[in-house]
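Just so we're aligned: the sequence shown equals residues 81 to 142 in the working numbering.
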Amino acid sequence: MGIIKHIADDVLVMEDGKMIEYGNTYSLFTTPKTDVTKRLIESHFGKILDESSWGDNLLATP
């Protein structure tokens, strides 16, 4: 997830082979629209990112 945050322009979240959410990486990581995406982001970063934490080096899982 940390690498995706730094290199991808857009992100597609899938679950069980179904598209759950698609969007601009910044928007998806800071304002996820689905519970699946929220859980995915929180499971890696420990929180939903915001403008102040977007530039942090969050490559490692907490």
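Note that beta-carbon positions come from the ideal geometry of N, C-alpha and C, so glycine has one too. Treat the numbers as computed from the prediction; the structure is a model and nothing was measured.
Pair within 7 Å by beta-carbon distance, residue i and residue j
i, j, result
"residue 121", "residue 112", "yes"
"residue 67", "residue 92", "Here the chain comprises residues numbered 81 to 142, so residue 67 is not present and cannot be evaluated."
"residue 88", "residue 105", "yes"
"residue 131", "residue 116", "no"
DSSP state of residue i mapped onto helix, strand, coil
i, result
"residue 92", "strand"
"residue 103", "strand"
"residue 127", "coil"
"residue 113", "coil"
Alpha-carbon spacing of residue i relative to residue j, whole angstroms
i, j, result
"residue 82", "residue 124", "8 Å"
"residue 102", "residue 90", "7 Å"
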